[in-house]
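Everything on this sheet refers to the single structure shown next.
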Amino acid sequence: MFSHEGGHEGGQRLLRYVDALREAVAQEMERDGRVFVFGLDVDDHKAIQGSTAGLVERFGPERVFTTPLSEDAMTGVAIGAAMAGMRPVHVHIRMDFLMLCMNQLVNIAAKAHYMYGGRVRVPMVVRSMIGKSWGQGAQHSQGLHAMFMHVPGLKVVAPSNAHDAKGCMIAAIRDDNPVVFVEHRLLYGTEAYVPEAPFEVEFGRARVCREGSDVTLVGVSNMVVECLRAAELLAEAGISAEVVDPISLVPLDHATILASARRTRRLIVVDNAWTSCGASAEIVARVCEEAGPGAGIEVRRMGFAPTTCPTTPSLEARFYPNPSTIASAAYRLARPGGAEWTPDPERARLAYQTQFRGPF
Amino acid sequence: MFSHEGGHEGGQRLLRYVDALREAVAQEMERDGRVFVFGLDVDDHKAIQGSTAGLVERFGPERVFTTPLSEDAMTGVAIGAAMAGMRPVHVHIRMDFLMLCMNQLVNIAAKAHYMYGGRVRVPMVVRSMIGKSWGQGAQHSQGLHAMFMHVPGLKVVAPSNAHDAKGCMIAAIRDDNPVVFVEHRLLYGTEAYVPEAPFEVEFGRARVCREGSDVTLVGVSNMVVECLRAAELLAEAGISAEVVDPISLVPLDHATILASARRTRRLIVVDNAWTSCGASAEIVARVCEEAGPGAGIEVRRMGFAPTTCPTTPSLEARFYPNPSTIASAAYRLARPGGAEWTPDPERARLAYQTQFRGPF
Amino acid sequence: MATPMVPAGIGPDDIGRLYRSMRRIRRVEEAVAEVYPTDRIKSPVHLSIGQEAVSVGVIDVLREDDVVAGSYRGHAVYLAKGADLPAMIAEMYGKATGCAAGKGGSMHLIGAERNVLGASAVVGTHIPIALGHALAAKREGAGRVVAVFFGDGATEEGVFHESLNFAALHRLPILFVCENNFFAIHTPLAKRWATDRLCERVATYGMPAHRLAEPDVFALRGLAAGLVAEMRAGGGPAFLECHTWRWREHVGPAEDYAAGYRPRAEMERWEAGDQVARLGALLPDAGRAAIDADIEREIAEAFAFAEASPFPDEEELFTHVFA
Amino acid sequence: MATPMVPAGIGPDDIGRLYRSMRRIRRVEEAVAEVYPTDRIKSPVHLSIGQEAVSVGVIDVLREDDVVAGSYRGHAVYLAKGADLPAMIAEMYGKATGCAAGKGGSMHLIGAERNVLGASAVVGTHIPIALGHALAAKREGAGRVVAVFFGDGATEEGVFHESLNFAALHRLPILFVCENNFFAIHTPLAKRWATDRLCERVATYGMPAHRLAEPDVFALRGLAAGLVAEMRAGGGPAFLECHTWRWREHVGPAEDYAAGYRPRAEMERWEAGDQVARLGALLPDAGRAAIDADIEREIAEAFAFAEASPFPDEEELFTHVFA
Ligand SMILES: Cc1ncc(C[n+]2csc(CCOP(=O)(O)OP(=O)(O)O)c2C)c(N)n1
Ligand SMILES: Cc1ncc(C[n+]2csc(CCOP(=O)(O)OP(=O)(O)O)c2C)c(N)n1
Ligand SMILES: [Mg+2]
Ligand SMILES: [Mg+2]
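So the protein sequences, as listed, match chains C, X, L and Z.
Here the first sequence is numbered in the numbering used here, starting from 25 and rising by one per residue.
Here the second sequence is numbered in the numbering used here, starting from 25 and rising by one per residue.
Here the third sequence is numbered in the numbering used here, starting from 441 and rising by one per residue.
Here the fourth sequence is numbered in the numbering used here, starting from 441 and rising by one per residue.
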């Protein structure tokens with residue numbers, strides 16, 4: 025089943041993001057009989073782009089099952105089962121569909137532990153995929169993690185690479201709280217070195233993916249990959265960009281971001297979402313509140329255009345930040361008054377071919 | 025019906041917020057036969073705390089009617105009726121219940137005009153009341169306007185006084201877009217001078233409610249009242265606070281806020297909501313992005329405690345910002361290193377007795 | 441309405457037990473209504489007065505390890521399942537000793553030790569939560585069942601139908617109990633339901649569905665016993681629609697017939713059918729008096745406990761955000 | 441399946457009109473499938489091939505000012521109502537001349553000029569939107585009706601039930617048409633429905649509900665005609681469940697029997713009952729050939745138009761956020 029697992033004990037293998045997700049869930053299901061996976065089409069031959077492939081064969085239909093199209097009730101079922109001691113992983117092929125179960129997530133899952141004075145826990149994972157490209161359009165492309173960051177009681181993680189995908193998924197399943205797990209579908213094919221043995225990526229610890237001194241680029245989810253690409257392009261223009269991956273948005277490792285921004289005195293937060301009341305607003309606001317104007321930090325936010333996502337490629341391409349627009353923005357920040365610069369679009373377009381390889 | 029209307033043509037009368045809402049809707053229903061009001065219990069004897077009182081008697085059950093407990097479908101009905109040329113006002117006695125219709129609001133109402141290339145419009149008003157005090161608790165107390173500010177295509181307004189309540193309601197009903205109308209129930213009893221004749225309060229124009237030079241307090245919804253009270257307390261401590269009421273959050277009059285913050289070089293945004301990815305994060309982030317560190321603006325956010333809302337008064341009191349905590353925070357900002365100062369709690373507690381009287 | 445007979449197989453102990461449970465709920469709620477004007481209770485109260493028989497008739501056939509779930513109008517469910525009375529009153533008083541540590545109040549009672557799920561103030565939201573417990577109970581395979589109580593208004597929420605379909609599809613051990621008191625706040629069924637063929641509708645999901653139009657705690661108990669027995673044996677879900685009547689206002693301690701949205705005359709019919717009075721009359725005076733005295737003592741102690749308990753410390757505001 | 445008879449009252453014109461409409465949809469979808477691999481079409485496509493008769497049978501009895509609503513699998517609804525073909529193809533090509541200005545794509549077609557509501561890609565969401573139009577139509581009082589088409593999976597969403605109740609409660613002029621093709625993506629009814637008593641369930645809301653288990657465009661049309669006539673006369677809503685079959689993969693241009701989630705054998709039954717072929721055979725060869733030629737010409741022109749049309753200007757990204 026898991027071709028990558030063979031042989032080298034606990035060693036690291038190049039693994040695709042999608043396989044890392046699947047391996048994490050399989051290992052946790054193996055370890056803990058309370059874990060189960062459900063959601064629309066988790067058991068069909070497409071297996072959520074392969075991320076649930078083989079699970080029903082291995083663990084049976086009582087622990088891996090599809091559902092009716094009833095997101096609201098199914099979310100309640102996950103919450104109730106979690107309160108009863110099970111550890112559900114509820115899968116949604118689009119984050120947009122979480123709008124159908126906001127009531128259960130916001131009014132019950134986030135609040136139960138508190139509202140009931142600590143008498144219950146809600147250990148559940150809500151897997152939600154963000155779609156992009158090929159005319160996904162208005163209702164199949166949204167990154168709505170900010171809505172969950174807004175409400176106390178929910179954890180939100182957005183791993184950007186296969187290594188963190190596995191480690192965060194294991195940590196999320198073992199967490200005693202509801203965790204909204206954000207997966208960008210364009211990351212599914214990206215590879216990274218991933219330990220074979222189960223491991224946790226601790227929430228609330230950001231990773232400096234690339235060190236730099238002129239500007240700090242904080243990327244969310246797939247935007248980490250785009251920022252790393254932008255950093256390569258910037259290097260060729262003589263600008264040293266530091267790239268920080270928060271990994272988890274709630275809890276947020278604010279200290280690492282703040283320290284980097286203090287050093288570079290330039291911060292650009294790049295999110296795969298709208299900026300208004302977004303994760304980028306939160307990160308920028310906290311940095312400015314705590315550092316104060318004395319720290320002399322210039323801040324910028326980048327994200328979706330402030331529009332609905334169009335399907336036609338001529339417009340869709342301009343809806344998202346990309347290595348080129350990120351690099352240009354960073355250049356403007358680092359070279360105020362300098363001549364406009366945009367990297368060779370050809371070289372900038374490679375973001376998702378370049379495989380992420382650590383460092384870990 | 026409208027006791028305040030008698031006599032003085034177009035003149036201003038002291039009117040309660042709740043009566044201003046009702047008068048605005050009644051005048052628009054009179055003017056435009058396409059306007060109708062529906063939602064749970066709009067036609068019962070309690071009449072949504074009086075805000076819909078008399079409407080069914082005056083306009084009949086075809087234009088004023090209650091619904092089944094089906095927020096999701098009823099929101100779709102409002103959207104569909106709006107697309108068909110009607111102008112629905114959909115009433116919810118708690119903003120928390122909007123979580124049940126997020127899919128229709130976020131995936132349809134916000135996107136229809138764009139997603140369908142401008143071929144349809146969705147002129148609807150979503151009235152949502154925010155509850156507070158007397159153990160409303162976790163699910164009856166949330167201010168969730170930030171979620172709507174996050175999604176392009178929705179307008180969001182939060183009038184803080186009776187004058188703006190009437191003017192914004194009329195503007196919202198006449199607006200060709202979906203408008204989420206935020207009403208804090210503790211404002212219902214507050215009075216202000218309100219013109220008798222119909223008028224619009226234009227969206228996207230903030231009001232400087234009180235001028236000051238030491239610190240800018242931006243309040244959202246009822247927090248404007250709390251900020252004004254804090255400003256009075258601060259004056260007694262020798263600190264001059266400017267109070268800005270954005271009135272509409274989308275569109276947001278950023279220029280007025282920025283200009284004030286540049287002048288006072290101290291900005292505190294006080295929201296009746298959580299701060300993480302909240303309206304306060306958005307306002308602070310925009311000010312810092314545009315002004316830059318050179319402007320030397322210190323920024324702070326205040327809002328709900330980062331917890332679920334508890335019912336017991338001993339904890340609930342500390343969940344919300346109030347004139348005393350706002351004044352103290354402003355004092356700390358204006359007198360760094362100065363001695364701690366907290367206003368006399370007795371005087372601070374008066375917020376909702378002090379009636380808002382302009383200036384307009 | 442004519443008082444129905446006591447069915448065969450119901451002994452004095454049964455009558456005493458059922459009377460005690462219903463009477464206790466009635467008196468607790470009356471005591472709550474009494475102190476309410478003093479503002480010692482710190483959250484809105486939705487009283488069960490008049491509806492006691494529904495909770496008691498069903499829950500009497502459940503085991504301690506069975507699960508029950510109710511709404512903001514869930515005091516009867518909480519008490520019928522045997523959850524802690526002092527902790528309930530303390531919760532309403534906003535005290536640290538409350539069943540939810542003072543953070544939930546009247547609308548969010550929870551009786552963890554007796555498998556009473558936390559109540560929700562958003563209508564219908566507790567239905568799928570109960571369903572999740574039923575899924576867990578089925579996987580566990582120990583014959584535990586779940587009973588979920590909700591009002592007529594809750595059946596208008598889409599999630600109710602999604603839950604019925606899923607319960608029947610997976611044959612989960614859950615008893616859906618609709619307490620149809622004909623009103624959602626002040627709005628009558630006629631303004632909310634296209635028809636009153638609810639049981640017929642639910643039956644199309646392939647589960648037994650019965651309506652009890654007359655208040656008869658014995659009949660309800662008998663019906664519930666049969667349905668629950670089948671569930672324990674591996675049968676699927678079942679549904680009960682129980683007509684009942686809210687004697688007081690929707691929220692708050694008083695009667696509200698003056699408001700005019702429902703006729704006082706209707707009330708008389710339900711007073712005549714009051715199961716608390718009916719079962720009380722079936723008991724010997726001495727026995728009834730002893731039970732009543734017990735209950736009064738228990739209630740007095742509960743309120744005293746709540747009074748004497750401290751409010752939560754300030755730092756409690758920040759506990760329990762995350763587990 | 442035995443081919444049913446042509447009912448009395450159906451003349452050659454009717455057959456020709458229905459054939460043209462169904463054949464046109466079939467050929468447009470086949471043409472879309474053909475060009476799809478070239479990447480000229482810029483969004484995922486959910487083809488109606490095999491399901492044409494449902495849209496055509498119902499919509500044939502509607503007036504131009506009546507309203508129809510379909511889902512992301514709504515090409516047949518769009519075309520049957522007479523909305524603009526070149527604008528549809530241009531929309532799929534992402535061109536500025538598209539029916540949604542290139543911003544919606546295949547899943548969000550809208551035919552404003554023919555009262556075809558915009559399609560939604562979130563299953564079931566268009567049902568209450570259609571209901572809102574029905575409310576407007578009733579208030580208007582001009583006898584207009586609404587027909588809303590959705591899949592079997594959409595009936596599992598709570599909003600479907602909320603919509604049925606509201607439609608029946610207010611007796612709104614809306615015809616609910618469920619295109620039951622037995623699958624939601626690759627998941628069969630058996631994994632999603634507790635029972636198949638859908639019509640029985642819907643009928644409990646107090647509206648006529650009929651199932652058509654065999655493909656027969658004449659029978660469907662006749663049934664729809666009667667129901668719509670009653671609606672125009674002030675009657676309330678009605679419901680139709682039409683069994684049908686998706687001939688191609690859930691999304692994309694190809695067949696997918698190799699995937700093994702549904703048997704090719706089933707397909708043969710539906711090919712035998714194909715209404716396009718059936719009606720074609722009822723027409724004189726010359727007449728049929730003329731219609732076919734028209735259609736091919738129209739399709740060729742539509743694709744040429746799409747090809748020739750420009751992509752939207754960059755600044756179009758920022759238009760239409762607000763009206
Ligand atoms: C989803 C939702 N909508 C509206 C409300 C406001 N509300 C509180 S109780 C209630 C009536 C519920 O009626 P029913 O379900 O019959 O229960 P009852 O109060 O009669 O016991 C309503 C509409 C709410 N709490 N939740
Ligand atoms: C609310 C929602 N959940 C899940 C999906 C993913 N999805 C897209 S189409 C589909 C199947 C819908 O089946 P059905 O309603 O029968 O329509 P059909 O595709 O068979 O015509 C699903 C689950 C979605 N688009 N929306
Ligand atoms: Mg009721
Ligand atoms: Mg289908």
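Just so you know, even glycine gets a beta-carbon here, dropped at the ideal spot from N, CA and C.
- Judged by DSSP in its simplified three-state form, ILE481 (chain Z) adopts coil rather than helix or strand.
- GLN36 (chain X) carries a strand assignment under DSSP once its states are collapsed to helix, strand and coil.
- Listed by position along chain L, the residues whose Cβ is nearer than 7 Å to that of THR627 (chain Z) form an empty set, because the closest Cβ is around 12 Å away.
- Proximity of SER560 (chain Z) to chain X, defined by a Cβ-Cβ separation below 9 Å, is satisfied.
- Look at which beta carbons fall closer than 6 Å to any heavy atom of ligand 4; those residues are Z:GLY591, Z:ASP592, Z:GLY593, Z:ASN621, Z:PHE623 and Z:ALA624.
- GLU640, ARG641, THR644, TYR645 and GLY646: these are the residues of the region 638-650 of chain L whose beta carbon lies less than 7 Å from some beta carbon of chain Z, given in chain order.
- Take LEU487 (chain Z), set aside five residues on each side of it, and the residues of its chain with a beta-carbon closer than 6 Å to its own are GLU469 and ARG688, in chain order.
- At the C-beta level, PHE60 (chain X) and LEU129 (chain X) stay beyond 9 Å of one another.
- Uninterrupted beta strand (DSSP E) stretches at least 3 residues long and entirely within the region 115-181 of chain C occur at 149-154 and 179-181, given in chain order.
- The beta carbon of GLY497 (chain L) sits closer than 7 Å to those of VAL657, LEU660, ARG661 and ALA664, all from its chain and outside the five residues before and after it, given in chain order.
- DSSP places TYR212 (chain X) outside both helix and strand once states are collapsed to three, so it counts as coil.
- In the same chain as PRO275 (chain C), and ignoring 5 residues on each side of it, the C-beta atoms closer than 6 Å to its own belong to PHE227 and GLY228, in chain order.
- At a cut-off of 9 Å between beta carbons, LEU615 (chain L) makes no contact with chain C.
- Membership of GLY497 (chain L) in the alpha helix (DSSP H) is indicated by the continuous run 492-499.
- Under the three-state reduction of DSSP, ARG632 (chain L) is assigned to coil, being neither helix nor strand.
- At a C-beta separation below 9 Å, GLY100 (chain C) has these neighbours in chain L: THR565, HIS566, ILE567, PRO568, ILE569, ALA570, LEU571, GLY572, VAL599, GLU602 and SER603.
- Distance check between VAL293 (chain C) and each of C:ALA71, C:CYS251 and C:ASP200 places C:CYS251 closest, using alpha-carbon atoms only.
- Relative to ligand 2, the beta carbon of THR565 (chain Z) is positioned inside 8 Å of a heavy atom.
- Taking a contact as a CB-CB distance under 8 Å, the pair VAL494 (chain Z) and LEU722 (chain Z) does not count as one, their CB atoms being some 19 Å apart.
- One thing to note: GLN36 (chain C) has its Cβ within 9 Å of the Cβ of PRO219 (chain C).
- For TYR217 (chain C), not one C-beta of chain X is nearer than 9 Å to its own C-beta.
- Following the DSSP letters along the chain, one finds GLY591 (chain L) in no alpha helix (DSSP H) but inside the beta strand (DSSP E) bounded by residues 586-591.
- The count of Cβ pairs closer than 8 Å, one atom from the region 84-95 of chain X and one from the region 81-98 of chain C, stays below three, leaving the stretches out of contact.
- A direct Cα-Cα distance of roughly 30 Å separates GLU215 (chain X) from ALA694 (chain L).
- The bridge partners DSSP lists for ASN620 (chain L) are L:HIS683.
- Per the DSSP secondary-structure output, THR627 (chain Z) pairs in a beta bridge with Z:ALA624.
- Taking ARG464 (chain L) as the centre and dropping the five residues before and after it, the same chain places the C-beta of LEU519 and ILE735 closer than 7 Å to its C-beta, in chain order.
- Judged by pairs of C-beta atoms under 8 Å, the region 136-149 of chain C does not touch the region 119-127 of chain X, as fewer than three such pairs exist.
- By the 16-neighbour rule on beta-carbons within 10 angstroms, ARG373 (chain C) is exposed.
- Below the 7 Å Cβ cutoff, chain X contributes ASP68 and HIS69 as neighbours of TYR701 (chain L), in chain order.
- The beta carbon of ALA471 (chain Z) sits closer than 8 Å to those of ILE739 and PHE743, all from its chain and outside the five residues before and after it, given in chain order.
- According to the DSSP assignment, ASP269 (chain C) belongs to the beta strand (DSSP E) that extends over 265-269.
- Contact with chain C is found for PHE758 (chain Z), since one of that chain's Cβ atoms lies less than 9 Å from the residue's Cβ.
- The Cβ of SER338 (chain C) sits closer than 9 Å to at least one Cβ of chain Z.
- In the three-state DSSP reduction, PHE762 (chain L) falls in the coil class, being neither helix nor strand.
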